[in-house]
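Each residue of the sequence shown is one higher than the last, beginning at 3 in the numbering used here. Glycine residues also receive a C-beta, built at the ideal position from the N, C-alpha and C atoms. Remember, it's a predicted structure, so these values are computed and weren't measured experimentally. Input: a single structure, listed below in structure tokens.
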Amino acid sequence: MHWQTTRFSLDLSRPRVMGIVNVTPDSFSDGGQHATSQAAMAHCEALIKDGADILDIGGESTRPGAPPVSQEDELARVLPVIRHAVTLGVPVSVDTYKPAVMQAALDLGADIVNDIWALRWSGDTAGKTGKDVVAAHPRCGVCLMHMHRDPQTMQTAPMEGDVVPQVLSFLEQLARDLRALGIDKTRICLDPGIGFGKTVKQNFALLARQAQAVPAGYAVLAGWSRKSSLAAVTNTSLAEAAGLNIELRRAPSVTAAVLAVQNGVHVVRVHDVRDTVSALKVLAAMQAELEPPHSTAARDAIP
Numbered sequence: 003m004h005w006q007t008t009r010f011s012l013d014l015s016r017p018r019v020m021g022i023v024n025v026t027p028d029s030f031s032d033g034g035q036h037a038t039s040q041a042a043m044a045h046c047e048a049l050i051k052d053g054a055d056i057l058d059i060g061g062e063s064t065r066p067g068a069p070p071v072s073q074e075d076e077l078a079r080v081l082p083v084i085r086h087a088v089t090l091g092v093p094v095s096v097d098t099y100k101p102a103v104m105q106a107a108l109d110l111g112a113d114i115v116n117d118i119w120a121l122r123w124s125g126d127t128a129g130k131t132g133k134d135v136v137a138a139h140p141r142c143g144v145c146l147m148h149m150h151r152d153p154q155t156m157q158t159a160p161m162e163g164d165v166v167p168q169v170l171s172f173l174e175q176l177a178r179d180l181r182a183l184g185i186d187k188t189r190i191c192l193d194p195g196i197g198f199g200k201t202v203k204q205n206f207a208l209l210a211r212q213a214q215a216v217p218a219g220y221a222v223l224a225g226w227s228r229k230s231s232l233a234a235v236t237n238t239s240l241a242e243a244a245g246l247n248i249e250l251r252r253a254p255s256v257t258a259a260v261l262a263v264q265n266g267v268h269v270v271r272v273h274d275v276r277d278t279v280s281a282l283k284v285l286a287a288m289q290a291e292l293e294p295p296h297s298t299a300a301r302d303a304i305p
């Protein structure tokens with residue numbers, strides 16, 4: 003399987019690590035650390051040295067309760083960083099739900115639109131939608147995420163019932179809608195939206211039943227990095243998880259990324275790139291030694 007993006011066709015026969023670049027003052031885990039253009043550019047370079055396959059650049063926090071950011075402020079934050087990132091030799095993703103920001107990023111050569119609203123946001127003053135932007139582009143990749151409600155209210159009234167069939171139905175419909183617009187399947191990646199309006203139990207149901215939660219044949223992305231559900235099951239307080247104590251979040255985040263890949267995810271979106279890359283190499287070494295499915299029959303056939 004390949005994920006087609008503007009400049010790159012990503013071979014997903016091995017898992018890909020998407021490094022997070024938050025050009026924001028208020029993201030839940032690293033807000034303010036890379037808020038200036040210069041700091042964010044340096045962070046892009048550091049993530050690539052650590053092994054990132056993709057850079058994901060965002061200018062608006064999507065933590066629960068985060069206030070919206072104006073289009074002008076978001077553009078001012080992300081465009082200088084994207085302009086630099088596209089020179090670094092890896093695919094560049096823009097993490098936004100605003101069509102004007104998508105368009106501006108793609109015009110600079112960005113490769114992927116990563117949208118928590120799954121191209122459904124309708125607040126653009128020019129009346130343009132994310133679907134319009136992506137459908138008009140000949141090659142860009144797009145990642146569509148499941149989100150219940152919106153960032154301001156998603157955790158005040160999370161989903162009810164069995165989350166897996168609900169997420170599957172949502173993502174199936176999104177994929178059909180994009181295919182109907184002429185967007186090739188190879189350009190589409192789907193994200194079940196860990197933490198976006200789900201309970202702790204529901205998030206882990208999505209991990210355990212990953213293959214049932216996303217339509218077959220599509221690239222799959224998961225973003226477990228530093229999520230509060232990991233704090234909940236490791237007896238770390240949510241206050242610590244939302245603070246700046248990175249050490250308390252690193253091991254659970256890396257573990258979740260490895261488990262997600264083991265359960266069929268193709269791309270993991272992470273803060274801790276170097277540790278995740280190392281852990282995935284260990285997984286790959288183990289998987290390389292697994293007995294091929296046909297070997298037992300072949301062995302039994304030897305006289």
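DSSP three-state call for residue i: helix, strand or coil?
i, result
"glycine 184", "coil"
"cysteine 145", "strand"
"valine 317", "This structure cannot settle anything about residue 317, because the visible part of the chain is limited to 3 through 305."
"valine 263", "helix"
"tryptophan 5", "strand"
"serine 11", "strand"
"serine 95", "strand"
"arginine 271", "strand"
"valine 115", "strand"
"glycine 33", "With a pLDDT of only 48 at glycine 33, under 50, the local geometry of the prediction cannot be trusted, and the value read off the model is given with reservation. It is coil, neither helix nor strand."
"aspartate 28", "With a pLDDT of 47 at aspartate 28, under the threshold of 50, the predicted position of this residue should be treated as unreliable, and no value is reported."
"proline 305", "The pLDDT assigned to proline 305 is 41, lower than 50, so where the model puts this residue is not dependable; a value taken from the coordinates is nonetheless given after this. The answer is coil: DSSP assigns proline 305 none of H, G, I, E or B."
With distance defined between alpha-carbon atoms, name the residue in the options nearest to residue i.
i, options, result
"threonine 26", "Val19, Ser124 and Asp97", "Asp97"
"alanine 218", "Gly225, Ile114 and Lys187", "Lys187"
"alanine 224", "Gly195, Leu285 and Lys200", "Gly195"
"tyrosine 99", "Ala112, Arg178 and Glu76", "Glu76"
"leucine 14", "Arg189, Asn24 and Met3", "Met3"
"isoleucine 248", "Ser227, Ala262, Ile190 and Gln264", "Ser227"
"asparagine 24", "Ala44, Gln6, Pro254 and Ser231", "Ala44"
"alanine 182", "Ala137, Gly199 and Thr201", "Ala137"
"phenylalanine 172", "Ala120, Leu110 and Leu90", "Ala120"
"glutamine 40", "Arg65, Thr8, Leu81 and Pro69", "Leu81"
"valine 267", "Ala213, Leu232, Arg276 and Ser231", "Ala213"
"lysine 130", "Ala112, Gly111, Pro101 and Val256", "Pro101"
"glutamine 56", "Val71, Ala262, Pro69 and Asn116", "The residue asked about is misnamed: residue 56 is isoleucine in this sequence, not glutamine. Measuring from the Cα of isoleucine 56, the nearest candidate turns out to be Asn116."
"histidine 86", "Val71, Gln73, Gly61 and Ala112", "Ala112"
"valine 169", "Ala159, Gln204, Cys46 and Thr158", "Gln204"
"alanine 159", "Gly184, Thr201 and His139", "Thr201"
Determine whether the beta carbon atoms of residue i and residue j lie at a separation below 9 Å.
i, j, result
"valine 19", "alanine 48", "no"
"valine 94", "alanine 107", "yes"
"valine 166", "arginine 122", "no"
"methionine 149", "glycine 132", "no"
"aspartate 193", "cysteine 142", "no"
"isoleucine 22", "valine 272", "yes"
"isoleucine 114", "aspartate 179", "no"
"arginine 151", "glycine 199", "yes"
"valine 235", "proline 254", "yes"
"leucine 209", "asparagine 265", "yes"
"isoleucine 190", "alanine 221", "yes"
"valine 263", "leucine 285", "yes"
For residue i, count neighbouring C-beta atoms within 10 Å of its own C-beta (all shown protein chains included) and say buried if the count is 16 or more, exposed if not.
i, result
"lysine 51", "exposed"
"serine 280", "exposed"
"valine 309", "Outside the shown range of the chain, which is 3 to 305, sits residue 309, and nothing can be said about it."
"tryptophan 5", "buried"
"proline 294", "exposed"
"lysine 283", "exposed"
"arginine 79", "buried"
"arginine 16", "exposed"
"lysine 229", "buried"
"threonine 64", "buried"
"serine 11", "exposed"
"glutamine 73", "buried"
"glutamate 162", "exposed"
"glycine 184", "exposed"
Is any beta-carbon of chain C found at less than 9 Å from that of residue i?
i, result
"alanine 290", "Judged by its chain identifiers, the structure shown contains no chain C, having just a single protein chain."
Q.
Quick check for students: name the residue ranges of the alpha helix (DSSP H) that lie wholly in the segment 192 to 240, counting only runs of 4 or more.
A. If we require 4 residues or more, the alpha helix (DSSP H) runs fully inside the segment 192 to 240 come out as 202 to 210, 212 to 215 and 230 to 235.
Q: Could you tell me which uninterrupted alpha helix (DSSP H) segments, each at least 4 residues in length, are contained entirely in the segment 48 to 91, listed from first to last along the chain?
A: Runs found: 73 to 87.
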